[in-house]
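**Q**
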Amino acid sequence: MQRLRGDPHADFRADFSWPLRVYYEDTDAGGIVYYANFLKFFERCRTEWLRELGFDQARLAAQERLQFVVTELAVRYLKPARLDDRLDVSARLARLGAASLHFEQQLVRDGELLAAGQVKVACVSADTLAPAAMPAGLRRALAASGPAPKSR
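First residue of the sequence shown: 25, per the working numbering; consecutive thereafter.
(1) Are A115 and S41 close, meaning C-beta to C-beta below 9 Å?
(2) Which residue comes first and which comes last in the beta strand (DSSP E) that contains K144?
(3) Whole angstroms is fine: what's the gap from V93's alpha carbon to G54's?
(4) Apply the 10 Å Cβ neighbour rule to D134 and answer buried if 16 or more other Cβ atoms are within range, or exposed otherwise.
(5) So, are the CB atoms of Q107 and L63 less than 9 Å apart?
(6) Determine the direct distance from the alpha carbon of Y48 to that of E67, and round the result to whole angstroms.
(7) Taking its Cβ as the centre, do 16 or more other Cβ atoms sit within 10 Å of R27, making it buried, or is it exposed?
(8) Locate the beta strand (DSSP E) running through L125, then write down its first and last residues.
(9) Which class does L77 belong to by DSSP, given the choice of helix, strand or coil?
(10) Give me the Cα-Cα distance between A140 and A38, rounded to the nearest whole angstrom.
(11) So if DSSP puts F40 in a beta bridge, which residue, or which two residues, is it bridged to?
(12) Where do the ends of the alpha helix (DSSP H) carrying A86 lie?
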């Protein structure tokens, strides 16, 4: 995965956005969001996107025996988020593989970029944790909402 470079604001058009509020549990004693919680916010956005597309991860694990795991991650932290902030976390599908998804994500407060990240997620067998092809219906739904699939 290519590391973040240049301007993280440049040419970002979200495929999905999810609003959230910063709670006390997300912050340190000074009311600043702990950096690892930005990753949780990114995760929530990706999960809600799948849910909006009609794919529940618990059902995929139980019925299809498939799970998603993060395999690569790069984040640029630009500004802090604080207690009670209203944030928008967004995701753009940068690449869709047979068993992988590459996301570009942003966390924004009132139009101000707080963090930008790149996340690679693999689809794996829930039994063996080996890479596994995504169900055709999920690939179609993701392809319709993001970029054209690329082979790899």
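We treat Cβ as the ideally placed atom computed from N, Cα and C, and that holds for glycine.
**A** Reading it off the structure:
(1) yes
(2) E136 to S149
(3) 32 Å
(4) exposed
(5) Note that residue 107 is Leu in the sequence shown, not Gln. No, they are not a contact pair.
(6) 19 Å
(7) Because R27 carries a pLDDT of 46, less than 50, the predicted location of this residue cannot be relied on, and no value is offered for it.
(8) S124 to R133
(9) coil
(10) 12 Å
(11) A115
(12) Per DSSP, A86 belongs to no alpha helix (DSSP H) and is neither H nor E.
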